[in-house]
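Student: Taken in sequence, the protein lines are chains L and A. Count along the first sequence from 1, then add 6; that gives the number in this note's numbering. Count along the second sequence from 1, then add 11; that gives the number in this note's numbering. A virtual CB, placed ideally from N, CA and C, is assigned to each residue, including glycine. Nothing here was measured: the structure is a model prediction, and the numbers come from that model. Take a look at this one; I'll ask things after.
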Amino acid sequence: MKKNKIVIDKNLYKWHKNWDRLQKSFFTEPYELYEKVKIERFVKEKGFKKIFHVKDNHIDFKFDTIGSENEADLILITDQKFSRSTCTQIIDDIKSWLEICPHVFVCLNRHYLNITGVEIDESLPDDYESAIQSWLEKSLGSSVVNYSEKFTDDGQYFTWVIPDQKFYIKNENC
Amino acid sequence: MKIVRHYSELTKKNLDMKTAYLQYRTGRIKHELWMKSRKSNDVYITPHDEYILNRLQAGSTAIFGSAGYHLEGCVDNLTVIEQNDIVKHFYPDAVIVKNRTEIGELFPNYFDNFVVTNNRSDLWTNAEGLCQYIKEYKKAMAKGCLFFYSLRDTQLTSWNRLKANHYNMFIDLAKEIEKIGFECLESQMDFANGDGNENPDTTNGNIKYFFRCTR
C-alpha cells in the first residue's frame, strides 16, 4: 500500500554533547586521547592557570577552566562550530580574542575550513596542512606555533572530539 | 592509561544488540524518518527523497547504505542493501553485504534505479576511491539505470579546501564518474553560508548528482 508522503524540510543531523564519552563506550579498554593529553601538557608546560574554554561538546580536561574570557591567561578553542565560520570570521574572532588575552590556542577542523567554498587563496601551498598554517600567518600577520600532527584523516583520528589542526598564537604586542 | 591517536590502537567491544542498534542509529540519520513513518499512515521524506522519487523510472530500485527502508511504501520493487547486520533485525527484507563487491555478484546488471545518499561507508576517501566504490555499484546496474548519488563536501579527503575552487572540485568529480560509464543529467552543489552549520543538507549531503548509466 502506498502511503501519503510528507516532506520534512529540516536538518535531521544532531550533534552529540559528549562525543568523547560516547566513543569511549564503543571500545573495551579505557584510554586517553593523545590530542587531549597534548593540550594538557601544553597548558602545564606554559604554566597557564586561567583557561577560558570555547567548546561545543564536553572534553574531560584535567585543568580547571574559568567562566570569563576577560580574566583568562589562555583562550582555548575546541568548538567544532568555530571551524564552520567563514575564514574571514575565524580570523576576526582570533584577533578579537588576542586583544582580550595575549595567548590563544585554537583547534580547527580541517574538513570544515572555507565552509562557504568561496574564500580561495591560490597563493597558498599545495599541501593542505601547510596551507592552513600559511593562511593563519598571512591573515593574522604573525607567526603561529603549529601543534598539529601530520596525517591523512580516515575518520578514525577523533577529529570530531578535538579538531585536528592546532595552533598556539601569541599577541606579540602585549 | 593508554594514550591513543587512532581507533586502530583500540579493541572494539562486541556490542550487545541494544548498543549495536544505538551505534547504528547514531550514524544513520534517516533512520529517524523510518521510526516516524512506520507507525503512521504517512511516510516522512526529505526534499531530496522527493526529488529522487519524482525521477525514478519503472523497474527495480536499490538503495544502498542510506537507510533506504524509510522509503518503503513509496517505491515499487525496492531492494534495501545495507552493510550492518543489525538492520536485518528491524527490517528483515534488507539484503546485507559485507563488501560492495557482493552487490554486483548478487544482482548483476539488475537495477533500473540505484540510490546512495550520504552513505557513511563511502566517507573518508578521495575522488579516486569514490570512483572505485561507484564502479562496484555499477556492476549491479542495468544499462540506462538511473544513479542518484549524494555526499557531503566535508567528508571527501585529500583536497586543499583553502586553495581549490569547491565548485570546480565537484564538477571534476562528476566528470571522473562519467568516465566510468555514466552521463551526468543534473547536479546540485550548495555550500554553507558560514552561520555555523555544516551545509544546507547534512542529511542527504550537499553535493548531489543524478547520472544515467550509459554502458
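1. Considering only the beta carbon of each residue, do serine 148 of chain L and isoleucine 175 of chain L sit closer than 9 Å?
2. Which residues, taken in chain order from the segment 28 to 45 of chain L, show a beta carbon closer than 7 Å to some beta carbon of chain A?
3. Using a 10 Å radius around the Cβ and a threshold of 16 neighbouring Cβ atoms, would you call lysine 41 of chain A buried or exposed?
4. Output the distance between the C-alpha atoms of phenylalanine 125 of chain A and lysine 24 of chain A, rounded to the nearest integer angstrom.
5. Can you tell me where the alpha helix (DSSP H) with lysine 190 of chain A in it begins and where it stops?
6. Should serine 129 of chain L be labelled buried (16 or more other beta-carbon atoms within 10 Å of its own) or exposed?
7. Where does threonine 64 of chain L fall in DSSP's three states?
8. Comparing C-alpha positions only, which one of L:Thr84, L:Tyr40, L:Asn76 sits nearest to asparagine 115 of chain L?
9. Among A:Phe75, A:Ile74, A:Thr136, whose alpha-carbon lies nearest the alpha-carbon of leucine 184 of chain A?
10. Just by C-beta distance, which residues in the segment 43 to 65 of chain A are closer than 9 Å to chain L?
11. State yes or no: is the C-beta of histidine 22 of chain L nearer than 8 Å to some heavy atom of the ligand ZN?
12. If distances are taken between C-alpha atoms only, which option among A:Trp45, A:Lys154, A:Thr37, A:Ala138 comes closest to glutamine 68 of chain A?
13. Just to confirm before moving on: does the CB-CB distance between arginine 88 of chain A and glycine 70 of chain A stay below 9 Å?
14. Rounded to the nearest angstrom, what separates aspartate 96 of chain A and tyrosine 32 of chain A at their Cα positions?
15. Whole alpha helix (DSSP H) runs in the segment 20 to 65 of chain A with 4 or more residues, listed along the chain?
16. Check whether the Cβ of leucine 130 of chain L lies closer than 9 Å to any Cβ atom in chain A.
17. Would you verify that the beta carbon of tryptophan 141 of chain L is, or is not, closer than 9 Å to some beta carbon of chain A?
18. Would you report the Cα separation of threonine 81 of chain L and threonine 165 of chain A, rounded to the nearest angstrom?
19. Over what stretch of residues does the beta strand (DSSP E) that includes threonine 128 of chain A continue unbroken?
20. Between aspartate 27 of chain A and chain L, is the shortest Cβ-Cβ distance under 9 Å, so that the two count as touching?
21. Is it a yes or a no for the segment 38 to 46 of chain L touching the segment 110 to 121 of chain A, going by three-plus beta-carbon pairs under 8 Å?
22. Out of curiosity, what's the CA-to-CA distance linking threonine 71 of chain L and cysteine 113 of chain L?
Tutor: The answer reads as follows:
1. The answer is yes: Cβ separation under 9 Å.
2. Phe32, Phe33, Thr34, Glu35, Pro36, Tyr37, Glu38, Leu39, Tyr40, Val43
3. buried
4. Our two residues, phenylalanine 125 of chain A and lysine 24 of chain A, have alpha carbons roughly 33 Å apart in a direct line.
5. 177 to 192
6. exposed
7. Note that residue 64 of chain L corresponds to histidine in the displayed sequence, not to threonine. Three-state DSSP puts histidine 64 of chain L in coil, outside helix and strand.
8. L:Thr84
9. A:Thr136
10. Glu43, Leu44, Lys47, Ser48, Ser51, Asn52, Asp53, Val54, Tyr55, Ile56, Thr57, Pro58, Asp60, Glu61, Leu64
11. Although the ligand ZN was asked about, the structure shown includes no ligands whatsoever.
12. A:Lys154
13. Checking the displayed sequence, the identity of residue 88 of chain A turns out to be asparagine instead of arginine. Yes, these two residues count as a Cβ contact at 9 Å.
14. 10 Å
15. 28 to 38, 42 to 49
16. yes
17. Yes - at least one Cβ of chain A is within 9 Å of the one on tryptophan 141 of chain L.
18. A small fix is needed here, since residue 81 of chain L is isoleucine in this sequence, not threonine. For isoleucine 81 of chain L and threonine 165 of chain A, the distance between alpha carbons rounds to 26 Å.
19. 122 to 128
20. No - not a single Cβ of chain L is within 9 Å of the one on aspartate 27 of chain A.
21. They do not touch, by the three-pair rule.
22. 17 Å
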